[in-house]
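Residue numbers (our numbering): 8 to 543. Beta carbons are placed, not taken as given, at the ideal position from N, Cα and C, and that holds for glycine. Here's the structure we're looking at; comments come further down.
Right under this line is the structure:
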């Protein structure tokens, strides 16, 4: 029973005293609860994590920029429905008008952008209109397009401002201590030579000293490297590989099967840093890159200073996709995405080492050892590998590497040159009949598809044409040409055989896309005799 409900008894304190203590206790309890509740409001609770109700954006996304010293570049993309087939190789719009206004290097104040031939949803200008440091630019874009089955007109605009000051003034290489004992080296914008710091010192950082002003709201760090050169590659004596060596098997060359940088690419995004003040320092004063992140050989570190629009894009729009508590921000009026202004500076690196794996070796290893989604061996069957195979197999028109991977390529080259025999470029040591027959069948298919089914004295493409282009049902030949055209981004003007293949795939797979439907209809209108267009 509580103290308030106790009866007054003579042997206890006077009743009015007991009630007074009870009231004081109650007041104290209420005060404490109020204090705790007000204090708790400063801490995260379940109420803090409930996302606000918001309408999902279903329009066109803008991804564009004006970099000082470069032409404007803007790409647009539509949001796909869950059951809609991808169509990024084709224009999503019926018509488009894109302009950028502002002060350009050639004196123009308004430039009209046109679509890039092999990327119809990206726009730039043919004029030598380059961005100018410190200037603002306004994008205006208008589209007629199909939105969820309805023809609509959409207009978007955005303002970008190029920062006014950025300089990568120096770089301090890593030493033998966590805090570098090396002195800063002035950035001369010529290649700076460094010796590679092997394990464990590869985990230490190159520190790039930056000079900038308040117009810079963040920095984007990228790397450009030449993966095609045998002078570029990576050391296997790194902290990363020492951590993983018990889980990996190295081959006879000491290669563990992967590289820190993609051997099939030429650029790498290291990340983005917003402008923040930490104590008496700003985080943008120094950019850090660990030694293990840089390749052996020549490379270029590029630092992009960005405006507020791009900082908001990184910190709010992209974060909102991952965290519903973050409210998206965009500078695109009536739309979503970003139109940003940027200023760039660079540091040229040349890192030396006598012990490294070349990217060319890593590429071939990756193609030779590629596995499919089920983990089964599937060599040379990625887009990059399929496009790279002929270059790898033959560095001239008549010399082909005498290895099984290159046998079909040898047959194709013989047919391409209309040689005296389809086997003229196959190695003399290949005597097994089944291996020759397999190389012939594969090489013939490769030749016929790439030549748009042009027969020669040693290559009869008639049957393959019937299977790939005429037959209405799916078959292995159609699977091949669909993949072949996809590898070449469905460039119908350069490869007319892919127009027929697109119609075939659209109907065979019953693809759901208003964009593809429009492309197919237009193709059939212009090519009435196409066998795939003659469907009931």
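ask   = Taking the alpha helix (DSSP H) that residue 512 falls in, what are its first and last residues?
value = 504–515
message = For residue 207 and residue 273, I'd like the C-alpha separation in whole angstroms.
response = 26 angstroms
ask   = Exposed or buried, which one is residue 512 when buried takes at least 16 other CB atoms within 10 Å?
value = buried
task = Taking residue 415 as part of the alpha helix (DSSP H), name the residues at either end of that continuous run.
result = 414–423
ask   = Should residue 306 and residue 175 be called a contact, given that it needs their Cβ atoms to be closer than 8 angstroms?
value = Taking 8 angstroms as the Cβ cut-off, residue 306 and residue 175 do not qualify as a contacting pair.
task = Could you check if residue 481 is buried or exposed, using at least 16 other CB atoms within 10 Å of its CB as the buried criterion?
result = exposed
task = On a CA-only basis, which of 146, 98, 127, 291 is nearest residue 118? Give me that one, please.
result = 146
query = Which residues in the same chain as residue 76 place their Cβ atom closer than 8 angstroms to its Cβ, once the five residues preceding and following it in sequence are excluded?
reply = 112, 137, 138, 351
ask   = Is the beta carbon of residue 523 sitting closer than 8 angstroms to the one on residue 92?
value = yes
inquiry  = Ignoring anything shorter than 3 residues, give me the beta strand (DSSP E) runs that lie fully in the segment 170–234, in order along the chain.
reply    = 173–179, 199–202, 212–219, 225–232
key: Reference residue 465, options 430, 435, 456, 268, closest by Cα   = 430
Collapsed DSSP secondary structure at residue 1 in the structure displayed = Lying outside 8 to 543, the shown extent of the chain, residue 1 is not represented and no answer is given.
key: Member of 154, 437, 292, 94 whose CA lies at the smallest distance from the CA of residue 214   = Of the listed residues, the one whose Cα sits closest to residue 214 is 292.
query = So residue 107 packs on residue 74, CB below 8 angstroms; how close in whole Å?
reply = Actually they do not touch by this definition, with Cβ atoms about 12 angstroms apart.
Where residue 465 sits in the DSSP three-state scheme = coil
ask   = Which residue's Cα is closest to the Cα of residue 78: 95, 115, 101, 99?
value = 115
query = What are the residues that DSSP puts in a beta bridge with residue 147?
reply = 106, 164, per the DSSP bridge assignment.
inquiry  = With three or more C-beta pairs closer than 8 angstroms as the rule, is the segment 330–346 touching the segment 249–268?
reply    = no
Uninterrupted beta strand (DSSP E) stretches inside the segment 247–302 (no shorter than 3 residues) = 274–281, 293–297
key: residue 454 beta carbon less than 8 angstroms from that of residue 408   = no
query = If you draw a straight line from the alpha carbon of residue 405 to that of residue 467, how long is it in whole angstroms?
reply = 21 angstroms
request  = Could you tell me whether the Cβ atoms of residue 125 and residue 82 are closer together than 8 angstroms?
outcome  = no
query = So, residue 228 versus residue 288, is the Cβ gap smaller than 8 angstroms?
reply = no
query = Can you tell me whether residue 221 is buried or exposed, with buried defined as 16 or more other CB within 10 angstroms of its CB?
reply = exposed
ask   = Apart from the five residues just before and just after residue 477, which ones in its own chain have a Cβ nearer than 7 angstroms to its Cβ?
value = These residues qualify, in order along the chain: 538.
key: Spatial neighbours of residue 150 in its chain, beta-carbon cut-off 6 angstroms, leaving aside the 5 residues before and after   = 100, 103, 161
request  = Using three-state DSSP, classify residue 100 as helix, strand or coil.
outcome  = strand
query = With DSSP run on the structure shown, which of helix, strand or coil describes residue 380?
reply = Taken through DSSP and simplified to helix, strand or coil, residue 380 comes out as coil.
ask   = Count the other CB atoms within 10 Å of the CB of residue 370; is the residue buried (16 or more) or exposed (fewer)?
value = buried
query = Should residue 209 go down as buried or exposed, given a rule of 16 or more other Cβ atoms within 10 Å for buried?
reply = buried
request  = Ignore the nearest five residues each way along the sequence and tell me which others in residue 197's own chain have a CB closer than 8 angstroms to its CB.
outcome  = 355
message = Please report the straight-line C-alpha distance between residue 384 and residue 412, rounded to a whole angstrom.
response = 14 angstroms
query = Is the beta carbon of residue 180 sitting closer than 8 angstroms to the one on residue 239?
reply = no
message = Please identify the residue among 201, 310, 416, 424 whose C-alpha is closest to the C-alpha of residue 217.
response = From the listed residues 201, 310, 416, 424, the smallest Cα separation to residue 217 is found for 310.
key: Proximity to residue 171 [Cα-Cα], best of 349, 335, 234, 294   = 349
key: Residue interval of the beta strand (DSSP E) (run including residue 355)   = 343–359
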